[in-house]
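In my numbering, the protein residues as written are 654 to 1160.
The next block holds one structure in the form of C-alpha cells; read it before the comments.
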C-alpha cells in the first residue's frame, strides 16, 4: 500500500499585494522590533499554465472575466425581452512565442562535453568518442529539449533513465502529457531520495479507468494501481472495511542504477511567461474592447434628414434605393479618429510583455548581413535570459550525463573505462551570428597562434565528433601519397640513370 505522503508536492503560486506596507511607523529604531509579515499567495495549478499556453484557454475567453452584453427589446405593450449579445474576444499566442524563443536560445546549441583529465591518452580518447557517439545515437539532445520544454511550459519536468534488454533509454515525464510529478529530495544535500509519477488510463469517452503511481528509489521501481471504474463490488467494500487507500502494489523490479534514476527540475516561478502574464491579460482585454468599439464606429454611419424618406433594400439588408423629398438630405457621418492614448496603451503593454519575458521582436533588416556585435546587441535580452537558464539547468545536465555514462557503460560493456572518464558537460546559449565572420575569426586565431586547429575544428560547428581524427587521417594519407610519389620518382630517376650508364658502357 502506497503512503499518502508520497503524493505531495509544493504548489505553484503567485504573490498577491495583500499586506504590503502594513508595518507600524516609529520614530525610535532602538525600541523597534523585527516585523514578520507573511506573504499571501495565489495558488495556481499546472492546468492553469496549460490554459495560458493555448489561446483558446485564455482568461479573455471566459464570460466570468469579460462578460457578454445583456440587451432587451420592448414591444408595443411595454413588455421587455432580454437577450445576450456576444462580445468580440481576441486572444494572442504570446506564451507560445515566448516559449519557443527561450527554447531556441537554450537548446539551439548541442550540449558541450569536455574531458577534464590532466593527461589524455588514446584509450581515454576512444572512450570519450564512444560516449559522444552514444549521446547522439540515443537522441539525448532531443531528450534535453523535451525536458526543457516541459519546465518552460508547466513549471517542472523530469527525465527517467531505464535499462531495457541491456540497453539504456530515457523517457521525459511532464504534466503536459498527463503526468503529475512528486519529487522527494534530501533536505540537506538536495539529492533525490525517491520520486513518484501519477498518471491515469482513460476509456474512449474520457472516463478515468485506472490510476497508476510509479515510484523510484535508489534500487527499485515500484508500480501501484488503483481501479476507478466498475461497481461497488466485494473488492471495493473490502478496501472500505480495512481502510486501504485504494493503491496496491502491482509490480516491483530493479532499475539497475546505483542511484534514483530520475532528473527533475522545477522553476519556482512557474511557466516562463509568468512575469508577463498580467500584461498579456490587459493587452487582450484592451484589443477586445477596441474590436468591439470598431464594430459600432469604425465604418461610416448613414445619416438621413427629412420626413418623407423611404429606403428600399434587398433580402440581405443592403440598401438599394433611397427616395426623399427636395428638402431632404442623405449622407454619412465622419468616423471618429483613433485615439493616441489607445496606441500608447497598446505599444506600452506590448513592449512590457516582451521585456518582462526577455523576448525580442526581430527588427526589419534593410541592409545585408549584420556584423556579429550588432546581432548580439539586438538579441541581448534573449541571450541574457539564456545565460541564466544555462546556469539553472547545469545541475540537471550533470545528472543526465552521470546516469547516461553509467547506463551506456553497461550497454557497451565499458563500465570501467567510462567510470574512469571525467567529463565536464554544459549548455552554451545559442545566438544568431554571421557564419562568415565566425570562420574568419577562427582563421585569424589559428594564424595568430593562440588557438589550436583542433579547437577551431570544434568551434566551427561544421565538423563531427571525430572531425580532428578525420583531419589527421587525411594528413597522414597525404603524407603517405607524397612519400609514395617521391619513392616512385626516385626509382624512375635511378632507372633512367642506369639505362644511360649502360648505353655509355656499350659505346
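Backbone N, C-alpha and C fix where the C-beta goes; we use that ideal spot for every residue, glycine too.
All of these numbers come straight from a predicted model, not from anything done at the bench.
- Taking all protein chains shown into account, residue 711 has 16 or more neighbouring C-beta atoms within 10 Å of its C-beta and is therefore buried.
- Per DSSP, residue 766 is one residue of the beta strand (DSSP E) stretching across 765 to 768.
- The alpha-carbon of residue 766 is positioned some 16 Å away from that of residue 1070.
- Less than 9 Å divides the Cβ of residue 917 from the Cβ of residue 1049.
- Around the beta carbon of residue 810, 16 or more other beta carbons lie within 10 angstroms, which makes this residue buried.
- Taken atom to atom, the span from the alpha-carbon of residue 929 to that of residue 748 is near 9 Å.
- For the 9 Å CB-CB criterion, residue 933 and residue 807 do not form a contact.
- Restricting attention to beta strand (DSSP E) runs no shorter than 3 residues, the stretch 679 to 730 encloses them at 694 to 697 and 722 to 727, ordered along the chain.
- Here residue 908 is buried. Its C-beta has 16 or more other C-beta atoms within 10 Å.
- Around the beta carbon of residue 1060, a 10 Å sphere encloses 16 or more other beta carbons of the protein chains shown; the residue is thus reported as buried.
- Inclusion of residue 676 and residue 688 in the CB contact set at 9 Å is warranted, their separation being smaller than that value.
- For residue 668, the enclosing beta strand (DSSP E) starts and ends at 665 to 668.
- Counted as a single uninterrupted DSSP element, the beta strand (DSSP E) harbouring residue 833 occupies residues 833 to 838.
- For residue 1047 and residue 845, the gap between their C-alpha atoms comes out near 16 Å.
- For residue 1079, the enclosing beta strand (DSSP E) starts and ends at 1076 to 1079.
- Residues of the same chain with a CB within less than 6 Å of the CB of residue 815, apart from the 5 flanking positions on each side, are 822 in chain order.
- Taking each of 911, 724, 714 and 1146 in turn and checking the Cα distance to residue 1072, the smallest one comes out for 911.
- Residue 725 is a Cβ neighbour of residue 736, given a cutoff of 9 Å.
- Annotation for residue 864: the continuous beta strand (DSSP E) segment containing it runs 861 to 869.
- By the beta-carbon neighbour count (other beta carbons within 10 angstroms, threshold 16), residue 705 is buried.
- Between residue 873 and residue 905 a beta carbon distance of about 6 Å is seen, short of the 8 Å cut, so the two are scored as contacting.
- A direct Cα-Cα distance of roughly 24 Å separates residue 666 from residue 744.
- Taken through DSSP and simplified to helix, strand or coil, residue 933 comes out as helix.
- Counted as a single uninterrupted DSSP element, the beta strand (DSSP E) harbouring residue 915 occupies residues 915 to 919.
- Residues of the same chain with a CB within less than 8 Å of the CB of residue 738, apart from the 5 flanking positions on each side, are 721, 722, 723 and 724 in chain order.
- Looking at the DSSP output, residue 879 shares a beta bridge with 864.
- Residue 1151 carries a helical assignment under DSSP once its states are collapsed to helix, strand and coil.
- One alpha carbon belongs to residue 660, the other to residue 734, and they sit about 53 Å apart.
- Annotated as proximal: residue 1109 and residue 1096, with beta-carbon spacing under 9 Å.
- Between the alpha carbons of residue 871 and residue 698 lies a distance of about 29 Å.
- Residue 922 has its alpha-carbon roughly 16 Å from the corresponding atom of residue 828.
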